[in-house]
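Numbering (the UniProt record's numbering), first residue to last: 1 to 328.
For every residue, glycine included, the Cβ atom is placed at its ideal position computed from N, Cα and C.
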């Protein structure tokens, strides 16, 4: 949702879904036809033929009426293949609504807006308060972020750092206070707000696909845009050694933690959002790699940064323009 890639990601599964539905539809038709045919043939030979022979024998006086009644009672069993026919038809028809959804998806078009390369002069947080079940998570938080400024928000775990980021992108609604970009109030407006923000998660989501897909998330970028993001994110060595078609494995098992974080950074750079939010982005990495990633982020003049962290080295702190202690 953040990077408006719902349609490209859905298109990833459309081919497999279509194959699955074709197989399911074929299976239902085959099962229905064969089962009905077998039951019908069996009943013809086990009921209809004996009934006709019995009737002829009775009219010829060779058997009594009681015997024929017994044959007629057996005719009730003929309802079974009819029931089976309708049951199989029902199974076949049950695929139609599912198939209709797939057909709709196959012909859908990407209606999400193309990134408009937004810019901003100032993000202002004024007296922001957020509570859950009468428990205060954030209380009277205020600060400003200027264009291209790098801010570090520090506090121990449980002080609402991640909640603050979710408030910024419009996923949560503050109880009171304002979030303002260039004099426009943007509280609780996902559609308007999220295009201002890139996001680096502590544990980025990685698809079991190629490096290229994980970088672009199915969107189209020029070669220059792609190579620039790779260079800025420090992925040049990985791409040169593995190539764009390299399968990263489930949850990125074929990559190191640092490489996964750099993929997330490259995604943010490709999205060209003016504000980059980093949520404990390097807490799981060693100090050397954490410093490298921070140098990548904090020396880039193309976007502002708001990072939340509870533990960070003094050397990394010096790279920020401003440090705010939320616990105070």
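Take residue 121 and list the residues in its own chain whose beta-carbon comes closer than 6 Å to its own, dropping the five residues that flank it on each side. Translated into the one-based positions of the chain shown, residue 121 becomes position 121. The answer, listed in chain order, is 147 and 182.
Segments of 3+ residues assigned as beta strand (DSSP E) that fall wholly inside the stretch 123 to 187: 135 to 146, 150 to 154 and 176 to 181
Closest to residue 118 by C-alpha separation, out of 304, 278 and 103, would be which residue? Stepping through the chain shown from its first residue, residue 118 is reached at position 118. Taking only the C-alpha atoms, the option nearest residue 118 is 304.
Within 10 angstroms of its Cβ, does residue 194 collect 16 or more other Cβ (buried), or is it exposed? Translated into the one-based positions of the chain shown, residue 194 becomes position 194. Its Cβ being crowded by 16 or more others within 10 Å, residue 194 is buried.
If you follow the beta strand (DSSP E) that residue 233 is in, where does it begin and where does it stop? Counting from one through the chain shown, the residue named residue 233 turns up at place 233. No beta strand (DSSP E) holds residue 233; DSSP gives it neither H nor E.
Please confirm whether residue 196 and residue 301 have their CB atoms less than 8 Å apart. Here residue 196 corresponds to residue number 196 of the chain shown, with the count starting at 1. Here residue 301 corresponds to residue number 301 of the chain shown, with the count starting at 1. No, the pair does not count as a contact, with Cβ atoms beyond the cut-off.
Smallest Cα separation from residue 330: which of 272, 39, 315 and 15? As displayed, the chain neither begins before 1 nor continues past 328, which places residue 330 out of reach and without an answer.
Which of helix, strand or coil does DSSP assign to residue 305? As a working note, residue 305 is residue 305 in the chain shown. Residue state, collapsed to three classes: strand.
Alpha carbon to alpha carbon, how far is residue 227 from residue 268? To locate residue 227, count along the chain shown from 1; it is residue 227. To locate residue 268, count along the chain shown from 1; it is residue 268. Cα to Cα, residue 227 sits roughly 14 Å from residue 268.
So what's residue 252 in DSSP terms, helix, strand or just coil? Sequence index remark: in the chain shown, residue 252 carries index 252 (1-based). In the structure shown, residue 252 sits in a helix (DSSP, three-state: H, G or I).
Could you check where the alpha helix (DSSP H) with residue 268 kicks off and where it finishes? Working through the chain shown from its first residue, we reach residue 268 at position 268. From DSSP, the alpha helix (DSSP H) with residue 268 extends over 257 to 271.
For residue 34, collect the residues of the same chain with a Cβ closer than 8 Å to its Cβ; drop the 5 residues on either side in sequence, then sort them by chain order. Residue numbering aside, residue 34 sits at position 34 when the chain shown is read from its first letter. Nothing meets the Cβ criterion.
So does the stretch 152 to 172 actually touch the stretch 230 to 248, counting three or more Cβ pairs closer than 8 Å? no
So residue 270 and residue 326 are supposed to be a Cβ contact under 8 Å. How far apart are they, rounded? Residue 270 sits at position 270 when you count from the first residue of the chain shown. Residue 326 sits at position 326 when you count from the first residue of the chain shown. Not quite, the Cβ-Cβ distance comes to about 30 Å (not below 8 Å), so this is no contact.
Boundaries of the alpha helix (DSSP H) in which residue 279 is found, first to last residue: For the purposes of this step, residue 279 is identified with residue 279 of the chain shown, where counting begins at 1. It is not in any alpha helix (DSSP H) - residue 279 instead sits in the beta strand (DSSP E) that spans 275 to 279.
Going by C-alpha to C-alpha distance, which of 29, 40, 166 and 319 sits closest to residue 81? Numbered from 1 along the chain shown, position 81 holds the residue referred to as residue 81. Ranking 29, 40, 166 and 319 by Cα distance to residue 81 puts 40 first.
For residue 198, the first and last residue of its enclosing beta strand (DSSP E): Translated into positions along the chain shown, residue 198 becomes position 198. First-last of the beta strand (DSSP E) with residue 198: 197 to 200.
What residue from 192, 131 and 184 has the CA that sits closest to residue 164's CA? What you label residue 164 is simply residue 164 of the chain shown in a count that begins at 1. Of the candidates 192, 131 and 184, the one whose C-alpha sits nearest the C-alpha of residue 164 is 131.
Quick check: residue 13 and residue 219, are their CB atoms within less than 8 Å of each other? The count along the chain shown starts at 1 and reaches residue 13 at position 13. The count along the chain shown starts at 1 and reaches residue 219 at position 219. Contact flag unset, no.
Can residue 310 and residue 156 be called in contact, C-beta distance under 8 Å? Looking up residue 310 in the chain shown gives position 310. Looking up residue 156 in the chain shown gives position 156. Yes, these two residues count as a Cβ contact at 8 Å.
Are the stretch 85 to 103 and the stretch 46 to 53 in contact at 8 Å, needing three or more beta carbon pairs? In short, these stretches do not touch, since the Cβ pair count stays below three.
Pairwise C-alpha distance: residue 69 and residue 63: Position 63 of the chain shown, counted from the start, is the residue given in the question as residue 63. Position 69 of the chain shown, counted from the start, is the residue given in the question as residue 69. Inter-residue distance for residue 63 and residue 69 is about 11 Å (C-alpha atoms, whole angstroms).
The beta strand (DSSP E) enclosing residue 53, as first and last residue numbers: Here residue 53 corresponds to residue number 53 of the chain shown, with the count starting at 1. Residue range 49 to 59 is occupied by the alpha helix (DSSP H) that includes residue 53, with no beta strand (DSSP E) assigned at that position.
My output table needs one value for residue 311: the three-state DSSP class, helix, strand or coil. To locate residue 311, count along the chain shown from 1; it is residue 311. Reduced to three states, the DSSP call for residue 311 is coil.
Sub-8 Å separation of residue 150 and residue 321 beta-carbons: Start at 1 with the first residue of the chain shown, and residue 150 comes out as number 150. Start at 1 with the first residue of the chain shown, and residue 321 comes out as number 321. Taking 8 Å as the Cβ cut-off, residue 150 and residue 321 qualify as a contacting pair.
How many angstroms separate the CA atom of residue 21 from the CA atom of residue 27? Locating residue 21 in the chain shown gives position 21, counting from the first residue. Locating residue 27 in the chain shown gives position 27, counting from the first residue. Approximately 10 Å between the Cα atoms of the pair.
Mind checking which residues open and close the beta strand (DSSP E) that includes residue 323? In the chain shown, counting from the first residue as 1, residue 323 sits at position 323. If you look at residue 323, you'll find it in the beta strand (DSSP E) that goes 322 to 325.
Could you check whether residue 296 and residue 243 sit closer than 8 Å to each other, using their CB atoms as the reference points? Here residue 243 refers to the residue found at position 243 of the chain shown. Here residue 296 refers to the residue found at position 296 of the chain shown. Not a contact, by the Cβ cut-off of 8 Å.
Is DSSP giving residue 210 helix, strand or coil here? Here residue 210 corresponds to residue number 210 of the chain shown, with the count starting at 1. Looking at residue 210 - three-state DSSP - the assignment turns out to be strand.
Close Cβ partners of residue 293 (< 8 Å) along its chain, the five nearest in sequence each way excluded: Position 293 of the chain shown, counted from the first residue, corresponds to residue 293. Residues 234, 258, 261, 262, 265, 281, 282 and 285 of the same chain have their beta carbon placed closer than 8 Å to that of residue 293, with the five preceding and five following residues left out of the count.
Compare the beta carbon distance of residue 352 and residue 158 with 8 Å and say whether it is the shorter of the two. Lying outside 1 to 328, the shown extent of the chain, residue 352 is not represented and no answer is given.
Give me the residue from 229, 224, 211 and 232 with the minimum Cα distance to residue 256. The sequence position of residue 256 within the chain shown is 256, counting from 1. Of the listed residues, the one whose Cα sits closest to residue 256 is 211.
If the criterion is Cβ atoms closer than 8 Å, does the pair residue 316 and residue 291 meet it? For this step, residue 316 is matched to residue 316 along the chain shown. For this step, residue 291 is matched to residue 291 along the chain shown. In this structure, residue 291 lies closer than 8 Å to residue 316 by Cβ.
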